[in-house]
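These notes are about the structure you will find just below.
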Amino acid sequence: MNKPPATLELRSAPLLHTPRTVEQIMRHVVYALLPLCAFAVYAFGLSAAALIGVVTVSCVGAEQLFNRLAGRVSTLADNSAVITGLLLALTLPPGFPLWMGAVAGFIAIGLGKAVFGGLGGNIFNPALVGRAFVQAAFPVAITTWHAPFMNGRFTHFMPTSLTTPFLVPPDAPLWYGALPVDTVSGATPLALHKFEHVATGTLDLFLGTTAGSLGETSAILILLCGAYLAARRLLNWRIPVAVLVSAFAVSAAFALADGQRYPDPWFMLGSGGLMLGAFFMATDPVGAPVTPRGAWLYGALIGAVTVVIRLFGGLPEGVMYAILLGNAATPLIEAVTQPRVYGTGRQSAPDKNPP
Amino acid sequence: MSLLGRLMRKTFANGVHPPAHKDRTAAQPIRRLPFASQLFIPLSQHIGHAAVALVHPGQEVVRGEPIARADGFLSVPIHAPATGIIREIRLIPTARGPKAEAIVLDVYAADGQRVLYGGSQDVERLTPAQLIDAIQESGMVGLGGAAFPTHAKLATAREKQVETLIVNGCECEPYLTTDHRLMLEWADDLRRGIQVALRASGARRAILGIEDNKLDAVAALRASFADDDRIAVEAVKTKYPQGSAELLIKVLLDREVPAGGRSYDVGVVVQNIATLAELGKLLPRREGLIERVVTISGPGIRRPGNYLVPLGTPLAFVLEQVGFTGAAGEIVLGGPMMGSTVGSLEVPVIKAVSGILALQGLVADAGTQHVYPCISCGECLRACPMHLNPSRLGLLAARREYEAMAQRFHLDACFECGSCTYVCPANIPLVHYFRIAKGMLREKAA
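These protein sequences, in sequence, are chains A and B. Numbering of the first sequence is given in the numbering used here, commencing with residue 615 and proceeding in unit increments. Numbering of the second sequence is given in the numbering used here, commencing with residue 1258 and proceeding in unit increments.
Okay, here's the thing in structure tokens:
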């Protein structure tokens, strides 16, 4: 008993902990987003790469700035600002002016997150707040689409990308005329369907050979990356499943009622930002209900609202507003889906006559 | 074991799967630890009134002799764990924090340490009331960690006319293997203990619930209880915290103890397997509880195992015997999920101590201890076996809204298993907050 006493640590149980941390979850979400970014660059070239870079740097910079202003320690290490940046960039059109991308990133972090007190405090998905802001502020730029896989995409910027702030973009058709281009027009499948009644093949939608926002074109790729996160239990799989099943069911009901007027449900699933939204934005835990049953309700609401906006709204796309609406409904959903606590609410009378 | 059988096995919703860490000790037979030269025997090792000392400094006592008497019904006597001479009665450090009164006993080194006190009694011929008295005399308390006087529990069960005795052999805490060894090595004592508990409580049947990481024990006990159709042995899925009485009742009988109620309210009394094994061993000999089986393990221990340790043995002596590496870290009494760390190695082994672990947690994972804000990922809700909302409770605790925690979010249902804290990726010490909240509410009520 003459051994020198060891240094005894006092700690509150439990003394074991899973290796999982917020930082690790966020890091894996970034990993899962990288293939989408890579495909965006492959499909849309230099402009896509520059836009992803600018938006992400803008988000990270804004995060740092607001931390400074609030006198908080840096939160960059948790990677959440990087995720917001990547996600926001992936929802923008490929030729989106870079300066507007920077504005979007700043607004996303500033208005979407910092004003609520940073990570964990925000009500809405910050990336979508940024997206909603530029949708309202720059309605033309946000609906100017470019076709994928254009020749020369790796050597030349899309002309709109380099627009000087607050000036009219250079005339695109002239610029295209100087290049050997296959397709110039790049209306998205949803817009084609809504405004011109042109259907896009389901295969194209799932592979991603269509026009659209940077990261939304390839449904298959989003599915794979999302499945990776779900398999590692880094996202709540109930949410994307609920979103997709609900969107499918609601659009199937409409398609059955009037197949001429309404698109088939597979088109609904594969087009626009539904996949990206379902797997990467609706699943942002901060804005989603914490209760298990609430996750189902929240996902179902988003899927249904998306379809309704797409079919009856003035816009071709409705995912963004559907998710923001879902975020807004989250406290309400949580209130009505609190789990039944053990020993409450259920009669459990003793069985006095065992077999 | 077929895959289907495993899938069909009984379990509860939620819970967690911490690494078991049982391999180092599960195959180690129970061994005896030597006597320390001095034992420190706290007068309060149980829930209820502290025992009252019957001895004075300078008095010689023989091993097994009562040295403190029960103070009322909700209390138990304490027996001398060794033959020796009483040195003094003074305050000593305890695991719970505040110092407590204890009898200090100088052990006679040359003594054979046979149990000289006791005798024999024909347990079969005692009436239930006499049985309950005899159980109180033995000083028996719940050895799973709660340390509730066993006779009081059985007496209440009788009064409430429970019909089922559940014998808890889950041992869901990581590292601990004492119950496992007891089931394998003390099956006859266990059988006698179950019969005693059935008679004392008036229950008509006994069900043993054992986690399926101990199928050898399940098979052995099924064989040994085959001739007694009142006793059933059930394997349940290995999942933390299956060993809580509430969850075991739910899994075995599909009954829920009503909020604020006790297991008697659903016709059940739950006893730990170690308690009944000890009872079956001691009662026929009319002896008192003077030692217990303790799993000693963890990365800081060179000779881990399941040791029979005299009550009152100071931790410093125990650790020296089992090859403590002396590295900095935590010394835990009980399991790593619900146990408590000690601040002094003078703390003695008492009746409630089922494990002594030398961990090196904080030093090893200092990098992962950064606390992030709650991102409401919901992992804690999917871990909580009581289906609470730890995320919300944690946010309320941070705002000190303790009343709301109790009234709107059922804080009382939390039995502090730590599953929420175990899974929280933000490293929020949720269960610690809940303990504080309960303490504040208790203080306010008082």
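Beta carbons are placed, not taken as given, at the ideal position from N, Cα and C, and that holds for glycine.
Within 10 angstroms of the Cβ of residue i, are there 16 or more other Cβ atoms? Answer buried if so, exposed if not.
i                   : result
Ser-1301 of chain B : buried
His-1278 of chain B : buried
Phe-1292 of chain B : buried
Lys-1507 of chain B : buried
Ala-1585 of chain B : exposed
Gly-957 of chain A  : buried
Thr-769 of chain A  : exposed
Ser-688 of chain A  : exposed
Val-729 of chain A  : exposed
Glu-1317 of chain B : exposed
Ala-1457 of chain B : buried
Phe-763 of chain A  : exposed
Val-1620 of chain B : The predicted position of Val-1620 of chain B is uncertain, since its pLDDT is 45 and thus under 50; a value taken from the coordinates is nonetheless stated next. Val-1620 of chain B should be labelled exposed.
Glu-1650 of chain B : In the sequence under discussion, the amino acid at residue 1650 of chain B is Leu, which differs from the Glu named in the question. Under this definition Leu-1650 of chain B is a buried residue.
Ser-1520 of chain B : buried
His-760 of chain A  : buried
Arg-1320 of chain B : buried
Please state whether DSSP places residue i in a helix, a strand or coil.
i                   : result
Leu-848 of chain A  : coil
His-1336 of chain B : strand
Asp-818 of chain A  : helix
Arg-1347 of chain B : strand
Asp-1363 of chain B : strand
Phe-738 of chain A  : coil
Gly-1545 of chain B : coil
Ala-1307 of chain B : coil
Asn-1563 of chain B : strand
Lys-1267 of chain B : strand
Thr-1421 of chain B : strand
Lys-1356 of chain B : strand
Thr-1552 of chain B : strand
Thr-774 of chain A  : helix
Ser-832 of chain A  : coil
Val-1575 of chain B : helix
Arg-1462 of chain B : strand
Roughly how far, in whole angstroms, is the beta-carbon of residue i from the beta-carbon of residue j, given that I think they are within contact range, below 8 Å?
i                   : j                   : result
Ala-751 of chain A  : Thr-774 of chain A  : Going by Cβ atoms, the distance from Ala-751 of chain A to Thr-774 of chain A rounds to 15 Å, so no, they are not a contact pair.
Val-857 of chain A  : Ala-892 of chain A  : 4 Å
Thr-1340 of chain B : Tyr-1365 of chain B : 5 Å
Pro-1323 of chain B : Leu-1311 of chain B : 6 Å
Ile-1704 of chain B : Ala-1615 of chain B : Any question about residue 1704 of chain B goes unanswered here, given that chain B covers just 1258 to 1703.
Gly-932 of chain A  : Ile-923 of chain A  : 3 Å
Leu-712 of chain A  : Val-668 of chain A  : 5 Å
Thr-670 of chain A  : Leu-648 of chain A  : About 12 Å; that fails the 8 Å criterion.
Ser-661 of chain A  : Pro-708 of chain A  : 5 Å
His-1437 of chain B : Lys-1471 of chain B : 5 Å
Val-674 of chain A  : Leu-690 of chain A  : 6 Å
Gln-1393 of chain B : Val-1333 of chain B : 6 Å
Given a cut-off of 7 Å on the beta-carbon distance, is the pair residue i and residue j in contact?
i                   : j                   : result
Pro-1593 of chain B : Leu-629 of chain A  : yes
Leu-890 of chain A  : Ile-836 of chain A  : yes
Gln-1499 of chain B : Val-1490 of chain B : no
Val-1372 of chain B : His-1303 of chain B : no
Asn-1271 of chain B : Arg-1656 of chain B : no
Thr-1435 of chain B : Ser-1611 of chain B : yes
Ala-1412 of chain B : Leu-1590 of chain B : no
Gly-884 of chain A  : Ala-825 of chain A  : no
Cys-1641 of chain B : Cys-1681 of chain B : no
Arg-1415 of chain B : Gly-1459 of chain B : yes
Pro-1605 of chain B : Phe-1297 of chain B : yes
Gln-1295 of chain B : Asp-1363 of chain B : yes
Ala-1683 of chain B : Cys-1637 of chain B : no
Gln-1387 of chain B : Ala-1454 of chain B : no
Ala-646 of chain A  : Val-655 of chain A  : no
Val-1575 of chain B : Arg-1560 of chain B : no
Is residue i near the ligand SAM, with its Cβ less than 6 Å from a heavy atom?
i                   : result
Ala-1283 of chain B : No copy of the ligand SAM occurs in the structure displayed, which carries no ligand at all.
- Task: Could you name the residues of the segment 1575-1593 of chain B whose beta carbon sits closer than 9 Å to any beta carbon of chain A, in the order they occur along the chain?
- Result: Listed in sequence order: Leu-1576, Glu-1577, Phe-1581, Thr-1582, Gly-1583, Ala-1584, Ala-1585, Gly-1586, Glu-1587, Ile-1588, Val-1589, Gly-1591, Gly-1592 and Pro-1593.
- Message: Residues of the segment 1643-1657 of chain B in Cβ contact with chain A at a cutoff of 9 Å, in chain order, please.
- Response: Contact residues of the segment 1643-1657 of chain B toward chain A are Met-1643, His-1644, Leu-1645, Asn-1646, Ser-1648 and Arg-1649 (C-beta to C-beta distance below 9 Å).
- Give the residues from the segment 732-746 of chain A that approach chain B closer than 9 Å (Cβ to any Cβ), ordered along the chain. Contact residues of the segment 732-746 of chain A toward chain B are Gly-732, Leu-733, Gly-734 and Gly-735 (C-beta to C-beta distance below 9 Å).
- Of the residues that make up the segment 634-647 of chain A, which ones have a beta carbon closer than 8 Å to any beta carbon in chain B? The segment 634-647 of chain A vs chain B, Cβ under 8 Å: Arg-634, Thr-635, Val-636, Glu-637, Gln-638 and Ile-639.
- Query: What residues in the segment 1427-1444 of chain B have a beta carbon less than 8 Å from any beta carbon of chain A?
  - Reply: Here the close residues are Pro-1431.
- Task: Could you list the residues in the segment 668-692 of chain A with a C-beta less than 7 Å from some C-beta on chain B, going in chain order?
- Result: When CB distances to chain B are screened at a threshold of 7 Å, the residues of the segment 668-692 of chain A falling below it are Asp-692, in chain order.
- Task: With 8 Å as the C-beta to C-beta threshold (strictly closer), list the residues of the segment 949-961 of chain A near chain B in chain order.
- Result: Those would be Gln-952, Pro-953, Arg-954, Val-955, Tyr-956, Gly-957, Thr-958 and Arg-960, in chain order.
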